[in-house]
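Residue numbers (the working numbering), protein chains in the order written: chain A, 1 to 493; chain B, 494 to 986.
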């Protein structure tokens, strides 16, 4: 079929894991980001933008293997052969920025940043190769007062976004305390990562599931087997006892119990003291246990955390569009990472931060009934019945816009019926029509599409005629703006 | 020096042509983009976002040469060996989107999009490898009413951004008219690109410069020689006569002259008729010749334009920070491109659009005295004099934030003097201090840093004492918010 002279046409398609974003989602996201920005600013954070491309080594990835240059990140070589990568988060570029500008920054340095990040991973449901993060970090503050403040920031942000108190919770753990448990029960280094992975699953799998994962392993409902941490029965009993020390609404009592269990581990004791200190700050600033709580099972995946770790979840029962319950996962997460800047400078610079997964949070808010932007009104459409009179139509559209009304002239070549269909597709509240007859009389027809759509359901003839007259009516040219404003105000909620 | 056990530290640096964006520029950009968005929405355009990464062939670049995979664009291979690229503009992704979704879109389709684009080119002054564009396009409208509307949109946008009428101008040309000149004077295909490049330079080099570029070539002040189009003296005379037909404030008269010069070129005549039609729309909608004008020298670089082309310039004399005059170039540009969607579908889909160079426009606006965000007030800083009383300090900061005041607690480890310096660096209007003495009395000190800074210049002792008392004063704990609000309202412009 492909004759010699016929050009090869590329297929209009996107690479896997990448998506276009439609208008309503963009509008909802913009509005949500605006609110987040306001709360972050109120805490004294300042915006920073960094470019999407960084040197691969500055992002903390080693020089990519020539055979697999894109392991986890998108990488490519610059003209001078140096490897570049698209940033995979906003924390690594922050560390590079701080290391490069350390002496000139106010310290502690508080910054927020929002933007896309890229992961060269296998995409799946809810896993994309490009997504947006919104981060706040405090660099140069070693006190857990900085960590506590970020948890408070997360809570205030969720409430500003319309999540009622009691429908979210920030859970706080500590990597030092986790090390403490594993010290106290003599878990060898080689089994620690699997042990932490098992602990992380308490919420989802319950005590029995975690018991299996701490031991030989666990077969899930689909029959897949996950190899366990192979701890001894004593170790398993100890770890589970620790995890179950939580006392509802009394973090202090729980921390006292935990302390008694790992008192022989100095690092563990230090971690628990940090958590105790954080609860004091929460209390003093008026945050309650249904907003921020201590939870020994918070692990967080990233290996660079060195102290407190935190995550925020929406706790209201959430169902998807088909009524199925959804585990949304955490919408905000973060923690203390004291090693990132040191990579560049050799000097320890304490740092802590949180990151919001923007589309996941928006999805959660929408399932809670917030940020549904479907009601964005379309433009008033000025129809074009006579192509010789486009200039008149453009003038009317401009007149409406100058009066602050969203308006456009129909720019296609189709007839009246297609133009009406177009106005419907655009969600137009009304259209403006001026045929030759109207022009001769110095008049314009205004047609209310929202009222017009209800006409077919009217049974009574007089009613129908009355409403029909309201739905479409002539006005003198000079009264166009006024008439359209009248129609728009009919439909303001 | 580098002992075996010492890790290799990456240097904290950015690749050439890429830059971090500081807080004030981000804030100014956000504000500017918000205004642009409002005007674009008022014209009925809808937002769309597309991912940063596309298939290389879908962007209209051929498969990159293995030796030079990054010619002009940043490219890399996906797991399945297909070539991917970072988008180099927002128009190519739009064409891909329209081709993929054509049947389901309202037609004509109006969309706006804003976001970063990447060019793998040699960076230079004002030339970056990542920059932001803000585009509006109308797809599926063949009438030049769509082009005229985009020029009107550009003018309305610049005025909404605070550029007074008379300090900007939108110039409109037509690629068909340019083809018409070259047809009329028998310029052979091989010399047309150089001829257009020469025409493009009339504004900058004047008639003599263009005469040289249309002939053998031109040596510039630095001694560099640019080879010319090598037209014959007759051809040069003809082209220059055409270019000088412009009549100030009377596009109609100019177009009539131009028509007489190229009347034997059907394509040229068609192009001039399109321009004539556009002036009617400008007139009808109330746009004047000092806002939008017809200019035969508008060429625009991109080869895909097929009809009207337009560009907006700031015409006020602009000087840089050192008083040197600056040629800023065009801040908005665009035109009609009827071939882009056809690449995918084989079907002609008329389209036209404009693109705003966001940082260049912001720079221009700032040189005109707009969008200078240096006055963004810093947060109120609650100092920490006694590390045992952090909780109290955090409570005060939270109290201020809950009252809508931007506030933070000092999170570092330094003493009073460094904390005051920190507050200065942050641009804080005032600090809040509560030492042991104040605590015992149930009081807080509020220190007005703006008033405080003026104290040294006061000569009179009584005046000094009075002002000093106003600049730093104790209040009961319960009156903290009120007192800080009082200080903030002192300094509201």
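Every residue gets a Cβ at the ideal spot worked out from N, C-alpha and C, and that includes glycine.
No experiment lies behind these values; they were computed from the predicted model shown.
Residues of the region 872-898 of chain B with a Cβ closer than 7 Å to any Cβ of chain A, in chain order: 872, 883, 884, 885, 887, 888, 891, 894.
A Cβ-Cβ distance of about 7 Å is found for the pair residue 673 (chain B) and residue 762 (chain B), placing them in contact under the 8 Å criterion.
Note on the region 219-247 of chain A: whole beta strand (DSSP E) runs with a minimum of 3 residues are 225-227, in chain order.
Of all C-beta pairs linking the region 525-540 of chain B to the region 601-609 of chain B, three or more are shorter than 8 Å, placing the two stretches in contact. Judged by DSSP secondary structure, residue 522 (chain B) falls within the alpha helix (DSSP H) whose first and last residues are 516-535. By the criterion of a C-beta distance shorter than 7 Å, residue 411 (chain A) is surrounded by no residue of its chain, once the five residues flanking it on both sides are discounted. Per the Cβ contact rule, the region 250-258 of chain A is in contact with the region 286-294 of chain A (3 or more Cβ pairs under 8 Å). Unbroken alpha helix (DSSP H) runs of no fewer than 4 residues, entirely contained in the region 388-462 of chain A, are found at 390-402, 416-425, 436-441, 449-454, following chain order. From the beta-carbon of residue 91 (chain A), no residue of chain B is found nearer than 8 Å; the closest lies around 14 Å away. Excluding residues up to 5 positions away in sequence, 511, 609, 611 lie with their Cβ nearer than 7 Å to the Cβ of residue 623 (chain B) in the same chain. Scanning its chain for C-beta atoms nearer than 6 Å, with the 5 sequence neighbours on each side dropped, one finds around residue 602 (chain B) the residues 632, 633, in chain order. Residues of the same chain with a CB within less than 7 Å of the CB of residue 756 (chain B), apart from the 5 flanking positions on each side, are 762 in chain order. Using a CB distance cut-off of 8 Å, residue 416 (chain A) does not count as an interface residue toward chain B. DSSP lists B:628 as the beta-bridge partner residues of residue 606 (chain B). In this structure, DSSP gives residue 19 (chain A) a state outside helix and strand, which the three-state scheme calls coil. Spanning the alpha carbons of residue 712 (chain B) and residue 943 (chain B) requires a straight line of approximately 56 Å. Proximity to residue 182 (chain A) across A:261, A:202, A:73 peaks at A:261, based on C-alpha coordinates. Taking C-alpha positions only, residue 479 (chain A) is separated from residue 485 (chain A) by approximately 10 Å. With its beta carbon at least 8 Å from every one in chain B, residue 36 (chain A) lies outside the interface. Looking only at A:448, A:290, A:29, A:288, the smallest Cα-Cα distance to residue 489 (chain A) is reached by A:448. For residue 586 (chain B), there is no enclosing beta strand (DSSP E); the residue is part of the alpha helix (DSSP H) that begins and ends at 584-594.
Using a Cβ-Cβ cut-off of 8 Å, residue 600 (chain B) counts as an interface residue toward chain A, since at least one Cβ of chain A sits closer than that to its own.
Within chain B, the residues 516, 519, 520 have their CB atoms less than 7 Å from the CB of residue 47 (chain A), given in chain order.
Residue contact check for residue 14 (chain A) against chain B: a CB pair falls below 8 Å.
Counting along the chain, the unbroken beta strand (DSSP E) around residue 352 (chain A) starts and ends at 351-357.
Taking a beta-carbon distance threshold of 8 Å, residue 134 (chain A) does not count as an interface residue toward chain B. In summary, residue 266 (chain A) is exposed, with fewer than 16 beta-carbon neighbours lying within 10 Å of its beta-carbon over all protein chains present. Considering only A:158, A:228, A:176, the residue with the shortest C-alpha distance to residue 190 (chain A) is A:228. One Cα belongs to residue 483 (chain A), the other to residue 774 (chain B), and the distance between them is close to 24 Å. For residue 542 (chain B), the pairing in a beta bridge is given by DSSP as A:21. Inter-residue distance for residue 515 (chain B) and residue 954 (chain B) is about 42 Å (C-alpha atoms, whole angstroms). The continuous beta strand (DSSP E) containing residue 828 (chain B) extends over residues 825-829. Contact annotation, residue 150 (chain A) with residue 136 (chain A): C-beta distance approximately 7 Å; criterion of less than 8 Å satisfied.
Pairing residue 825 (chain B) with residue 571 (chain B), the inter-Cα distance amounts to about 35 Å.
For residue 426 (chain A), the chain B residues whose C-beta falls within less than 8 Å of its own C-beta are 537, 599, listed in chain order. At least one CB of chain B lies nearer than 8 Å to the CB of residue 53 (chain A).
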